[in-house]
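>
Protein chains: 2
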Amino acid sequence: MTVEELVRALNDAVARDEREAIAERAAELNPADVADFIQQVRPELEVELLMALPLEKRAETFGYLSLQMQQQIASRLPPDALTAMVTKMPSDERADLFKVLDDAIRRRLFTRLARKEREDLRRLASYEEGTAGALMTSDYASVSAGLSVAAALETLRLTAPDKETIYQAFVLDQDHRLQGVISLRQLILAVPSAKVDDLMERDVVAADVKAPQEEVARLISRYDLLALPILNSDNTLVGIVTYDDAMDVAEAEATEDMHKGATVGRLETSLRDASPLSLYRSRVHWLVVLVFGNIFTGAGIAFFEETISAHIALLFFMPLLVASAGNAGAQSATLMVRGLATGDVTARDWGKLLGREILVAGALGLTMAATVMIVGIFRVGLDIALVVALTMVLVVMVGSLIGMGLPFLLDRLKFDPATASTPLITTIADVSGVMIYFGLATVLLGL
Amino acid sequence: MTVEELVRALNDAVARDEREAIAERAAELNPADVADFIQQVRPELEVELLMALPLEKRAETFGYLSLQMQQQIASRLPPDALTAMVTKMPSDERADLFKVLDDAIRRRLFTRLARKEREDLRRLASYEEGTAGALMTSDYASVSAGLSVAAALETLRLTAPDKETIYQAFVLDQDHRLQGVISLRQLILAVPSAKVDDLMERDVVAADVKAPQEEVARLISRYDLLALPILNSDNTLVGIVTYDDAMDVAEAEATEDMHKGATVGRLETSLRDASPLSLYRSRVHWLVVLVFGNIFTGAGIAFFEETISAHIALLFFMPLLVASAGNAGAQSATLMVRGLATGDVTARDWGKLLGREILVAGALGLTMAATVMIVGIFRVGLDIALVVALTMVLVVMVGSLIGMGLPFLLDRLKFDPATASTPLITTIADVSGVMIYFGLATVLLGL
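Residue numbers (full-length UniProt numbering), protein chains in the order written: chain D, 1 to 447; chain V, 1 to 447.
1) DSSP has V181 of chain D in a bridge; who is on the other side?
2) Tell me which residue opens and which closes the beta strand (DSSP E) that T242 of chain V is part of.
3) What residues are listed by DSSP as bridge partners for L228 of chain V?
4) Grab me the residues of I166 of chain D's own chain with a C-beta within less than 7 Å of its C-beta, minus the 5 sequence neighbours each way, in chain order.
5) By a C-beta neighbour count over all protein chains shown, 10 Å radius and 16 as the cutoff for buried, is A169 of chain D buried or exposed?
6) Can you tell me which of D:I188, D:R222 and D:I230 puts its alpha carbon nearest to the alpha carbon of A207 of chain D?
7) Against chain V, does R157 of chain D count as a neighbour if the rule is that its beta carbon must be under 8 Å from one of theirs?
8) For P90 of chain D, write down the residues that DSSP places opposite it in a beta bridge.
9) Measuring only the C-alpha atoms, how far is L65 of chain D from I240 of chain V?
10) By Cβ distance below 8 Å, which residues in the same chain neighbour H259 of chain D in space, the five residues on each side in sequence not counted?
11) May I have a chain-ordered list of the alpha helix (DSSP H) segments no shorter than 4 residues that lie completely inside the region 24-106 of chain V?
12) When Cβ atoms are compared, which residues of the region 275-290 of chain V fall closer than 8 Å to chain D?
13) Quick check on A217 of chain V: does DSSP put it in helix, strand or coil?
14) Does the contact criterion of 3 or more C-beta pairs under 8 Å hold for the region 354-366 of chain D versus the region 387-402 of chain D?
15) Tell me which residues share the same chain as D383 of chain V and place their Cβ nearer than 8 Å to its Cβ, disregarding the 5 neighbours each side in the sequence.
16) Would you report the Cα separation of A370 of chain D and L277 of chain D, rounded to the nearest angstrom?
17) In chain order, what residues of the same chain have a beta carbon less than 7 Å from the beta carbon of L45 of chain V, not counting five sequence neighbours either side?
18) Report the CB separation of L49 of chain D from E28 of chain D in whole angstroms; it is logged as a contact under 8 Å.
19) Flag this pair as yes or no: are the beta carbons of I38 of chain V and A74 of chain V separated by less than 8 Å?
20) Run the CB neighbour count on Q179 of chain V, radius 10 Å, all protein chains shown included, and call it buried at 16 or more, exposed below.
21) Taking N294 of chain V as the reference, give the member of D:L287, D:L271, D:N327 and D:I295 with the closest Cα.
22) Going along the chain, which residues of its own chain have a beta-carbon closer than 8 Å to the beta-carbon of A26 of chain D, five neighbours each way excluded?
23) Does the region 107-121 of chain D come close enough to the region 208-218 of chain D to have 3 or more Cβ pairs within less than 8 Å?
24) Using 8 Å for Cβ pairs, my map puts Q186 of chain V next to A262 of chain D. What's the rounded Cβ distance?
25) Does chain V have any CB closer than 8 Å to the CB of residue 460 of chain D?
26) According to DSSP, what are the bridge partners of K352 of chain D?
27) Could you give the residue range of the alpha helix (DSSP H) that holds S193 of chain D?
28) From G343 of chain D to D203 of chain V, what distance separates their C-alpha atoms?
29) If I follow the unbroken alpha helix (DSSP H) through Y140 of chain D, where does it start and stop?
30) Measure the alpha-carbon distance for D244 of chain V versus M336 of chain D and round it to whole angstroms.
31) Kindly identify the DSSP beta-bridge partner or partners of P212 of chain D.
32) For D198 of chain D, count the other beta carbons within 10 Å of its own beta carbon; 16 or more makes it buried, fewer makes it exposed. Which is it?
33) Using a Cβ-Cβ cut-off of 8 Å, state whether H311 of chain D counts as contacting chain V.
34) Could you work out which residues of chain D lie near T419 of chain V, taking near to mean beta carbons separated by less than 8 Å?
35) Hey, is the region 418-438 of chain V in contact with the region 398-408 of chain V, meaning 3+ C-beta pairs nearer than 8 Å?
36) Can you list, in chain order, the residues of the region 223-237 of chain D whose Cβ is nearer than 9 Å to any Cβ on chain V?
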């Protein structure tokens, strides 16, 4: 059966309230799909569906639920069931859950966990959000330096059930310092009597526990890693981040950058679940700030009131000119912001890119000037059409250069380049466009 | 040594032209880093650096180079060296290289490859760009249904050197149809005499060979897969896509969506390497289209010339009002486009989201109207300030609803929602804003 068919069958079973069929269908579905299903059923069924799953799968499914839903369900599960499930969760997901649990439930659950898990929770909770430490899991597979391949394989076999992955084993000395990494592939292909130390990779790509999570995701993607080891300042291994978590971080970062590009602030939940209030909050800030920016454009128009009154036809081209400057600027800014975010361009490329931008923007400006000349000559005569065409070349170039330069400048000043959002660039381009246009007109039309 | 130190040491060796030191340093670096280094040295050194690496690492490093660079280097490598390296490349990277090779080199290389590789190349080359088929590798690990765990492990050991990953083994029947999947973890934990069929997962997440690559990436990310099996229409296994390729696709898709959001077309190369001409081409199309959109706004102003002449003060608020409509619209459009791209919202959520959008946009409009009233009363008197405030509420709502609705509409009409770019939304908001503003003013100020 396909996922859709299984979901439909599960839906039918739920509608007819057939306990056994519900449990059977849910067991056939992938944990990610069960979680999606649970997010959509009526509240009484959430716990029932979850409890219908075998323990391992229940813990895995629970991890796919939104944190908000996890918190709600945790408060309704019997204490024993909650403890059993939480014990089976990967350490990073468990730490995330603990951060959102109600105080009473958290305290009760905490005392029921084994000492090892309690210490682990305390440690993971101590890392700042957005760092490697907050992202990592401590369920990594490790072997001692000096072991034979056979002994290392035996270690992995014995410890496998609790590990996030056993495909990368980290080789540690007595002080828990990272000496190297060996893959399960290498181990099963090697002669059993060979030494781990002779086979392992010693130049290990690793990240500091305080590194930002975007850097962690970037390293995993750049080096195609299954798991990135996370080290303390004294080089001891404290955790790993696996590729699937890196994918989630990369997606969340791309979403945040896109939202920033349209002056939308950080949303704590998914868009579908966002409350009107949280959406309002994420959007109102910059909109109001930009009101003040746009008042400058109005002031620019007021300044040139005489010119406009004398040549009211100038006004017809104003929206076109300022919009073109803004559009060209938005293009440049978006290219740069994304280029800086992916590491495709760096601050050092500044000079080379500036030259190219002048060339490209000049060519774009000329093309658009030619387009507008054709329209302009028929509508307003040659003199105004020439002013419009010349303005077009200038504003497209100015807009593009602002769009290209601002992200670099912000990056240099240690701000997020994505702050150079399209509406901000457009606002700056508007003011510049109005000044250039009416300024030129005043001079060239001899007012 | 850190990567930076190694790169510096390699740079020194290159500067002093010390062959041995170059080879030694390059061998210590990660393939991704060597590739980066090669992209930056002078052309004569490119081949030398690559040939200084051991064969396996050379093939891997080569795969990290841009296709353009791969094509250049391939034309300069001795035929034997090229054949040896290409034989060691993963099948998907080899197929990509073949698409860009010069005809003569491609033909010569093709005849030198083994028959199995030639057939593989022909098959992989037959899939359309952007599909699962063009993304997948045929170097997957498989075991026959019915084997014991010990026999399956032995199969994996024997075939491992040519496989992209052996951590997921695909269980096939005699006709090469996919029966299930078993992980290396399950295999090494199981009793050697157990049967693969009893252990394997039968509900396998898979994709059709013609599926778009974004869907492949989404499945891998959603189900946290190491490798996604790709099936022909008759359910036979033709390849796999691994998580690292899915990461690259997701990053490229996010970049493309961001560029589209600012009306930048597809760039074939990275931003750093893009030629001025290719940048011009990617940007000019929409800029010119939008010129015509903006001419409507000018026509709108011309239509209301009398109103404007009578109350020139109205003009001061025009940039602010149309920009606010555009900014609010850009926010809504960006939220929706990204939400649809990540699958966070779907077309079915339309009704629920519309109600919420009206609420949020109304609140935003009121907030901004209040802000502008404060400025307006002092500058232009109560009557015009009231017109401005009322217009603000309306244009923010209209802009937001266009921004929210257009991506949905495009999606429904099977267009890419990202076509609802910020400049397009802004242009539509501009026209609507001018009409609403001066229309309201004409009515309310009794002209």
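All C-beta atoms, glycine included, are put in the ideal place defined by N, C-alpha and C.
Given the structure is predicted, the values throughout are model-derived calculations rather than measurements.
By the coordinates alone:
1) Mapped onto the first sequence, residue 181 of chain D falls at position 181. Per DSSP, D:F170 and D:E201.
2) Residue numbering aside, residue 242 of chain V sits at position 242 when the second sequence is read from its first letter. That run of the beta strand (DSSP E) goes L237 to T242.
3) Numbered from 1 along the second sequence, position 228 holds the residue referred to as residue 228 of chain V. In the DSSP output, where bridge partners are listed per residue, L228 of chain V has V:V241.
4) As a working note, residue 166 of chain D is residue 166 in the first sequence. Taken in chain order, the residues that qualify are A141, L156, A160 and L184.
5) Translated into positions along the first sequence, residue 169 of chain D becomes position 169. With 16 or more other Cβ atoms within 10 Å, it is buried.
6) Walking along the first sequence from the start, residue 207 of chain D turns up at place 207. It is D:I230.
7) If you number the first sequence from 1, residue 157 of chain D lands on position 157. Output row for R157 of chain D: interface = yes.
8) Numbered from 1 along the first sequence, position 90 holds the residue referred to as residue 90 of chain D. In the DSSP output, where bridge partners are listed per residue, P90 of chain D has none listed.
9) To locate residue 65 of chain D, count along the first sequence from 1; it is residue 65. To locate residue 240 of chain V, count along the second sequence from 1; it is residue 240. Distance between the alpha carbons of L65 of chain D and I240 of chain V is about 28 Å.
10) Translated into positions along the first sequence, residue 259 of chain D becomes position 259. Answer for H259 of chain D: G265, R266, L267 and S282, listed in chain order.
11) 31-38, 43-51, 55-64, 67-74, 79-88 and 91-100
12) P276, L279, Y280, R283, V284, W286, L287, V288 and L290
13) Position 217 of the second sequence holds residue 217 of chain V. In the structure shown, A217 of chain V sits in a helix (DSSP, three-state: H, G or I).
14) yes
15) Here residue 383 of chain V refers to the residue found at position 383 of the second sequence. Only L444 and L445 meet the Cβ criterion.
16) Mapped onto the first sequence, residue 370 of chain D falls at position 370. Mapped onto the first sequence, residue 277 of chain D falls at position 277. Those two C-alpha atoms are separated by around 47 Å.
17) Here residue 45 of chain V corresponds to residue number 45 of the second sequence, with the count starting at 1. V14, listed in sequence order.
18) Locating residue 49 of chain D in the first sequence gives position 49, counting from the first residue. Locating residue 28 of chain D in the first sequence gives position 28, counting from the first residue. Contact flag wrong, Cβ pair sits at about 13 Å.
19) For this step, residue 38 of chain V is matched to residue 38 along the second sequence. For this step, residue 74 of chain V is matched to residue 74 along the second sequence. Contact: no.
20) By one-based count along the second sequence, residue 179 of chain V stands at place 179. Label assigned to Q179 of chain V: buried.
21) Counting from 1 along the second sequence, the entry for residue 294 of chain V is found at position 294. Of the listed residues, the one whose Cα sits closest to N294 of chain V is D:N327.
22) Position 26 of the first sequence, counted from the first residue, corresponds to residue 26 of chain D. Closer than 8 Å at Cβ, skipping near neighbours: L10, V34, F37, L49, A52 and L53.
23) no
24) Here the question's residue 186 of chain V lines up with position 186 in the second sequence. Here the question's residue 262 of chain D lines up with position 262 in the first sequence. Not a contact, Cβ separation roughly 46 Å.
25) No answer is possible for residue 460 of chain D: it lies beyond the span of chain D, which begins at 1 and ends at 447.
26) To locate residue 352 of chain D, count along the first sequence from 1; it is residue 352. Paired residue(s): none; K352 of chain D is not in a bridge.
27) The residue given as residue 193 of chain D occupies position 193 in the first sequence. First-last for S193 of chain D: undefined, no H or E at that position.
28) Position 343 of the first sequence, counted from the start, is the residue given in the question as residue 343 of chain D. Position 203 of the second sequence, counted from the start, is the residue given in the question as residue 203 of chain V. Rounded to whole angstroms, G343 of chain D to D203 of chain V spans 39 Å at the Cα level.
29) As a working note, residue 140 of chain D is residue 140 in the first sequence. No alpha helix (DSSP H) contains Y140 of chain D, which is instead part of the beta strand (DSSP E) from Y140 to S144.
30) Taking the first residue of the second sequence as position 1, residue 244 of chain V is located at position 244. Taking the first residue of the first sequence as position 1, residue 336 of chain D is located at position 336. C-alpha separation (whole angstroms): 25 Å.
31) Taking the first residue of the first sequence as position 1, residue 212 of chain D is located at position 212. Per DSSP, D:T131.
32) On the first sequence, position 198 is the one that residue 198 of chain D refers to. Answer is exposed; the Cβ neighbour count stays below 16.
33) Translated into the one-based positions of the first sequence, residue 311 of chain D becomes position 311. Output row for H311 of chain D: interface = no.
34) Within the second sequence, numbered from 1, the residue matching residue 419 of chain V stands at position 419. Simply none; closest approach about 15 Å.
35) yes
36) Y223, D224, L225 and L226
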